[in-house]
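This report concerns only the one structure given below.
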Amino acid sequence: MNNAILLGRITRDPELRTTQGGTPYCRFTLAVDRGNDTADFIPCVVWGDNAENLKKYVRKGRQLLVQGKLQSGSYQDSQGVTRYTLDLFAYRIKFLAIPRTQQEIEPEFKPIDDEALPF
8 MNNAILLGRI
18 TRDPELRTTQ
28 GGTPYCRFTL
38 AVDRGNDTAD
48 FIPCVVWGDN
58 AENLKKYVRK
68 GRQLLVQGKL
78 QSGSYQDSQG
88 VTRYTLDLFA
98 YRIKFLAIPR
108 TQQEIEPEFK
118 PIDDEALPF
């Protein structure tokens, strides 16, 4: 079974990209606290509607709960050296705590003036 669940903070604002076939996706890095003032930085990928929602609602520093599967890969760099990768392909993301600076940006609740209502 290949299933990972991570709790962490996104390290920068997500960038929405599109495959040649038109499928939207986002690559992002999740900083997961290891304790003792250290963190692991986990590369993640999310696809489709989840990618669009991530771009729309998440900014740097937002706490996320991410569930997905680990997928390894490899590529040759510009010098011909084989590099190996390990990404979390996310299929479920929960948006958790909003950093204080982002709370100030999000729209405030505006009370309705109900004094003028006839009932």
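For what it's worth, the working numbering labels the leading residue of the sequence shown as 8, then goes sequentially.
Virtual Cβ for every residue (Gly too), placed ideally from N, Cα, C.
The model shown is predicted, which means the values in this text are computed figures rather than measured ones.
query, result
"7 Å Cβ cutoff met for LEU71 and ILE17", "yes"
"Start and end residues, alpha helix (DSSP H) containing ALA58", "55-64"
"C-beta contact flag for LYS101 and ASN9 at 7 Å", "no"
"Outcome for LEU93 when other beta-carbon atoms lying within 10 angstroms are tallied against a minimum of 16", "exposed"
"Spatially closest choice to GLY28 from PHE35, PRO50, GLY55 and SER85, by CA coordinates", "GLY55"
"Local Cβ density within 10 Å of PHE48, reported as buried at 16 or more and exposed below that", "exposed"
"Sequence ranges, beta strand (DSSP E) only - wholly within the region 13-45, length at least 3", "22-25 and 31-42"
"Where ARG90 falls, given that 16 or more other Cβ within 10 Å makes a residue buried", "exposed"
"Continuous beta strand (DSSP E) assignments of at least 3 residues falling wholly in the region 68-96", "70-83"
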